[in-house]
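K.L.:
One structure coming up, written as structure tokens, with questions to follow.
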Amino acid sequence: MEQKERQKEVRKETLQKVLKRIQRYWFFLLLSMAAAVVTVVSTLYVPILIGRGVDYILGAGQVDFPSILGILAEIGIVVGITAFFQWLMNVSNNKIAYHVVHDIREEAFRRIEILPLRYIDSHSYGEIVSRVIADVDIFADGLLMGFTQLFTGVITILGTLIIMLTVNGWITAVVVCITPLSLFVASFIAKKTFTMFGEQSSVRGEQTAFIDEMIGNQQVVQAFGREAEVEEQFAKMNHRLENCSLKAIFYSSITNPATRFVNSMVYAGVGITGALAAIGGGISVGQLTCMLSYANQYTKPFNEISGVVTELQNALACAGRIFALIEEEPQKADKPDALARFEAKGEISLQNVCFSYLPGQKLIEDFNLEVKPGQRIAIVGPTGCGKTTVINLLMRFYDVDRGTICVDGCDVTDMTRHALRENYGMVLQETWLKTGTIRENLLMGKETATEEEMMEAAKAAHAHSFIMRLPKGYDTFITEDGGSLSQGQKQLLCITRVMLVKPPILILDEATSSIDTRTEQKIQKAFERLMEGRTSFIVAHRLSTIQGADKILVMKDGNIVEQGSHQQLLAKHGFYANLYNSQWAQ
Amino acid sequence: MRKLLVYLKDYRKESVLAPLFKMLEALFELFVPLVVAAIIDTGIRQGEKDFVVKMCFLLALLAVIGLTCSITAQYFAAKAAVGFTTKLRQVLFHHIQNLSFTEMDTVGTSTLITRITSDMNQVQSGVNLVLRLFLRSPFIVFGAMIMAFTIDVKSALVFVVTIPLLSVVVFGIMLISIPLYKKVQENLDRVLRVTRENLTGVRVIRAFNKEEEEMARFEEQNQSLTNVQKFVGRFSGLMNPVTYVIVNGGIIALIWSGALRVDVGILTQGAVVALVNYMSQILVELIKLANLIITVTKAVACGNRIQGVLDMEAAKESGKEDRESAPDLTGTEMPAVVFEQVSLTYQGAGARSLSNLSFQVQPGETVGIIGGTGSGKSSLVNLIPRFYHATEGHIFLNGKEIEGYSVEALREKIGVVLQKTVLFKGTIRDNVRWGKKDASDEEIEEALCISQAKEFVEQKAGGLDFFVEQGGKNLSGGQRQRLTIARAVVKKPEILILDDSASALDFATDARLRIAIRQMKHRPTVFIVSQRAASIQYADHIIVLEDGKAVGMGTHSELLENCTVYEEIYRSQMQGEVQ
């Protein structure tokens, strides 16, 4: 019960937020409502006119042609008006819905750009993307449907009732008494099928996960010859899905015939009362046809509204998820008096830095490090030891919990993130390129670079020759995952990207696995040149890098367990020495 | 799509009965205006109350019959549609399961997954709707016209004009807007891509301070999406108003012609009302039909995509048959594996990925394969379990060409650890048992021991019963890798292939692992693919690959002597030690 209350509360809040965003388009909202009223009224007026027309056609020799002509002209005009306003209403609704959706998407995206990495790292991309794309889409459909059908539905019902009352009270009474039945039937079926649909979607989800797992890893399935077992498991799941799908689909498909049946009963009811009234002289035949066509129309909005209500609930649920993203707390804003530009020489000091991803789970404790300009720091340790944590802190992707990080003696929180990051160049092992031409990708860091500068950098990174071999050279279009480029080629592009910027501090995640040794050697030479005179942090896999470093940070399980030069660390006979010695064991 | 319909065969009865009952329902609906006309002309005109009551009961009866027919139809339709897709899904799953690696590469797994899930659902609702409505709607439209003809031929001519006009408008608007909706979808995809990129590349974007530019890029895509949406909306928003005008135009014409004909006594008042009613019925049905066609076009597109996957089989079969098999090898000391002038060209690729490889491996020996990225290391080992077929040359296992074994029998002998570490939802025990279905706990423990996984498994809550999430998310990369090795080792294969499977292990663990494998009791023949010279330097044979060619073969010391590529690789990695 309480949970339901809270749900209601949340729904109400979401609705308010939606309304707030619609407010900007109040003009179109008013236009849409006005158009809806005109449409409904004139739509309802047409059957009356038709009824009157029928009344002028009593029988042979009893036809009032002049009046009929007048009526027909009137019908023509009213129909024209209806059509125009209906179109106007559609267009305004479209405009409102699509613009609101546009605004919400933009809001969401802007928020993504300032969300802390902590949020992005801990949520799957798919989930966030589905909020911005799928949820917003469902919301748009719901909003559009809500506008077009809910409002018009309600005034249609009201209008019909009023007109029917003016024609004949008894017939109206019959209609009013029978129609709730249709609502009742519809909601009864909806309730019954709700659990069936729930079951269907849970089995479907289970099956999708299974498919994803097995087909995604088909090589393993085939390598171990497990096709038959897997298929059998699938068949069982498939059979379960068949059963609950059949139930859900069949029972829910009763809704239409059932409401149509109630509709027919209303029709018959109106027929009997109306015809009897007509015999008694209470109404004319034309009025009866008019009432009959109302009876036909009257239940339709009821059915639509019940459909719209579920649709709207669904839309609100989606909107709720989007708003949750939009209202997610952004990263801490830069200080108001933060330096907007900062040109560092490359001196870095970390003092008493404490950091953890999860509160209560200590990771880095009281970490101190002094780096002079131009020094080379190697970060080593087994896979998964948290080498990226250091990068996260240096780049301010994450903020320290306690302690300070200073660049050239200036606390990094005293400058804007932009100012800080301008001083860094970063090459990560997971290469990321954006959709666009190679040129666009290379110029990411320095848009003003000349063609010569760019090619210079590409040559230095040994990327020029393979780029030139691509169909369109530097104008070759690549997609998000790099498309036809090999992992190594992508890495070369990422390196070129940084080569072009020449920042005072470098962060390099040594790419060992994706580039073959000989290319790597060439890159290494390019790196050497780039690192000259620059402070660099290298997540190192290669011995030569490690030994040549001024300082080595040895990490284990997220902690920095040792630091010092190669010789110092070997002399310690600690974790590093162990790691080093075991490396070339048989 | 058409070829898929064979799977509807088992539901032939249902797929005939569903539309049939729908038509019955429609037929009874078509009687309604006639009954109303009778009420007006006989009941009201002549004041016969009994007749009116009788007729209204007839209306109610028609409603009941209609309800029964329609529920029956819904049941058969649902049964046929669900049954059809269940069957099709099973067939498709079976088919995908048996696709070769080459085909999986060309299609891509994510596409296949969409085919079997969301495409399949679209097809299901398409079939369901078609069975229910495809006959009903045209039946009502033409039925209404025919009924109109039975009432009065001249007035019915109004229908002859109105129906084609309506059809042109309804289908015209639809035909134009379907491609427009595709455009909307394309735009939406672009918005999706920018959003995704900004999540996957968040670090790079922020490192380069590109947030503002990205927002502008998003805004641009978002705006163009909105524009297309509005354009389509404006256009498809014409549907209702225009059809409304046409139908009411038809009604105006009916009343006028009706008036003329009632005046001369050919028609009655009730008949005019009936004609008007038929006209209204047509409008409702045409709109339904239009919506139906949208769903059906979607479903057919999805069906064709499914069909496309099912059609892929042909390629696989023919590729195998046009090669003649080699006779078995003879001799006393049979090598475990023999490669004879083997070449591989991937489907659609211009150049060979492997060319003219020949070598022999004795049982129990270890082969190291080293080379740069794309040099063909994985391709080489993937040929042995026939993940891919050699396009030229022959491969022998225990003297018999591998094509001569059934795929099952062949893979039974081979334990493979792939580059991609994959675990499945289930306990650690379940996962290791993939290698051997009935492995006892002792056997599993032994395998875990060899793969250096015993220690961490023991530390996990529940040990062997520790539940591995899908994809092994709750284990680290190194732990996953060790379990995949255990899975291959537990079956005690004759051939063990380790395809770069120690990359996530630190050097010490890697070394211990190699020693343990070497000490395995039944001494499998081992293939180790690696980037690290240290991992393979103690192998009996080392094959150095470059661009698919073997540029060096021999032992470590031999290669240091006579293979410059190997020497380069080794030196670059060993610099520290050499000093």
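Line by line, the protein sequences give chains A and B.
Counting in the numbering used here, the first sequence runs from 1 upward without gaps.
Counting in the numbering used here, the second sequence runs from 587 upward without gaps.
Heads up, the beta-carbon is just placed ideally off N, CA and C, and yes, glycines get one too.
With a CB to CB cut of under 6 Å and the five nearest residues on each side skipped, what residues in its chain are close to A:Asp64?
P.N.:
Tyr56
K.L.:
Identify every residue that forms a DSSP beta bridge with B:Ala1136.
P.N.:
B:Leu1131
K.L.:
Compute the beta-carbon to beta-carbon distance between A:Tyr398 and B:Gly819, rounded to the nearest angstrom, for a pair I have assumed lies under 8 Å.
P.N.:
Incorrect: roughly 44 Å between the Cβ atoms, too far for contact.
K.L.:
Would a C-beta distance cut-off of 9 Å place B:Ala649 and A:Tyr267 closer than the cut-off?
P.N.:
yes
K.L.:
Report buried or exposed for A:Trp87, applying the criterion of at least 16 other Cβ atoms within 10 angstroms of its Cβ.
P.N.:
buried
K.L.:
Determine whether the beta carbon atoms of A:Lys551 and A:Gly381 lie at a separation below 9 Å.
P.N.:
no
K.L.:
Alpha carbon to alpha carbon, how far is A:Leu493 from A:Met648? Give it in angstroms, no decimals.
P.N.:
The question about residue 648 of chain A has no answer here: the residues shown for chain A are numbered 1 through 586.
K.L.:
Put B:Ile1108 into one of helix, strand or coil per three-state DSSP.
P.N.:
In the sequence under discussion, the amino acid at residue 1108 of chain B is His, which differs from the Ile named in the question. Coil.
K.L.:
According to the neighbour-count rule (16 or more other Cβ atoms, all chains shown, within 10 Å of its Cβ), is B:Ser939 buried or exposed?
P.N.:
buried
K.L.:
What residue ranges within the stretch 442-470 of chain A form continuous alpha helix (DSSP H) runs of no fewer than 4 residues, ordered along the chain?
P.N.:
451-460 and 464-469
K.L.:
Counting only Cβ pairs nearer than 7 Å, list the residues of chain A close to B:Gly1021.
P.N.:
Phe224
K.L.:
Suppose contacts are defined by Cβ-Cβ distances below 9 Å. Is A:Arg421 in contact with B:Arg792 by that definition?
P.N.:
yes
K.L.:
Just to make sure I have the definition right: I need the residues of chain B whose C-beta is within less than 8 Å of the C-beta of A:Val230. Which are they?
P.N.:
Around A:Val230, the beta-carbon contacts reaching into chain B at under 8 Å are Gln683.
K.L.:
Let's see if you can read the secondary structure: which residues bound the beta strand (DSSP E) around A:Ala378?
P.N.:
It spans Arg376 to Val380 - the beta strand (DSSP E) in which A:Ala378 sits, taken as one unbroken run.
K.L.:
State the DSSP-derived secondary structure class of B:Phe794, mapped to helix, strand or coil.
P.N.:
In this structure, B:Phe794 counts as coil in the three-state DSSP scheme.
K.L.:
For B:Val1002, which of B:Val1043, B:Leu1050 and B:Ala1072 has the nearest alpha-carbon?
P.N.:
B:Ala1072
K.L.:
Using the three-state DSSP reduction, which class does A:Glu74 fall into: helix, strand or coil?
P.N.:
helix
K.L.:
For chain B, find out if any of its Cβ atoms is closer than 9 Å to the Cβ of A:Phe234; answer yes or no.
P.N.:
yes
K.L.:
Let me make sure I understand the geometry here. Which of A:Ala317, A:Ser565 and A:Thr413 has the alpha-carbon closest to that of A:Leu339?
P.N.:
The option with the nearest alpha carbon to A:Leu339 is A:Thr413.
K.L.:
In three-state terms, what does DSSP make of A:Ile96?
P.N.:
helix
K.L.:
Report the option in A:Lys17, A:Phe250 and A:Gln3 whose CA atom is closest to the CA atom of A:Glu327.
P.N.:
Its Cα nearest to that of A:Glu327, the residue A:Lys17 stands out among A:Lys17, A:Phe250 and A:Gln3.
K.L.:
So B:Ala1088 and B:Ser1121 are supposed to be a Cβ contact under 8 Å. How far apart are they, rounded?
P.N.:
6 Å
K.L.:
Excluding the 5 residues flanking A:Val101 on each side, which residues of the same chain have their C-beta closer than 6 Å to its C-beta?
P.N.:
Val136 and Ala140
K.L.:
With burial defined as no fewer than 16 other Cβ atoms inside 10 Å of the residue's Cβ, what is the status of B:Val592: buried or exposed?
P.N.:
exposed
K.L.:
Output yes or no for whether 9 Å exceeds the beta carbon distance between B:Cys642 and B:Phe614.
P.N.:
no
K.L.:
Between B:Gly1058 and B:Thr1007, which are expected to be in contact by the criterion C-beta below 8 Å, what is the C-beta distance as a whole number of angstroms?
P.N.:
Between B:Thr1007 and B:Gly1058 the Cβ distance is about 7 Å, and since that is below 8 Å, they are a contact.
K.L.:
So with CB distances below 8 Å, who are the chain B contacts of A:Leu72?
P.N.:
Ile838, Ile841 and Trp842
K.L.:
Sort out for me which residues DSSP pairs B:Gly954 with in a bridge.
P.N.:
B:Ile1114 and B:Ile1128
K.L.:
Quick check: the Cα distance between A:Ile438 and A:Tyr357, rounded to an integer number of angstroms?
P.N.:
36 Å
K.L.:
Apart from the five residues just before and just after A:Glu74, which ones in its own chain have a Cβ nearer than 8 Å to its Cβ?
P.N.:
Leu49
K.L.:
Counting C-beta neighbours from all protein chains within 10 Å, is the total for A:Gln149 16 or more, i.e. buried, or is it exposed?
P.N.:
Taking all protein chains shown into account, A:Gln149 has 16 or more neighbouring C-beta atoms within 10 Å of its C-beta and is therefore buried.
K.L.:
Quick one: grab the DSSP three-state call for A:Phe151.
P.N.:
helix
K.L.:
Taking the CB atoms as reference points, tell me whether B:Val709 and B:Ala666 lie closer together than 9 Å.
P.N.:
no
K.L.:
For the beta strand (DSSP E) that contains A:Ile538, what are its first and last residues?
P.N.:
Thr535 to Val539
K.L.:
Go through its chain and collect everything with a Cβ distance to B:Tyr597's Cβ below 8 Å, but skip five positions before and after it.
P.N.:
Lys665, Ala666, Gly669 and Phe670
K.L.:
Just to confirm before moving on: does the CB-CB distance between B:His980 and B:Ala912 stay below 9 Å?
P.N.:
yes
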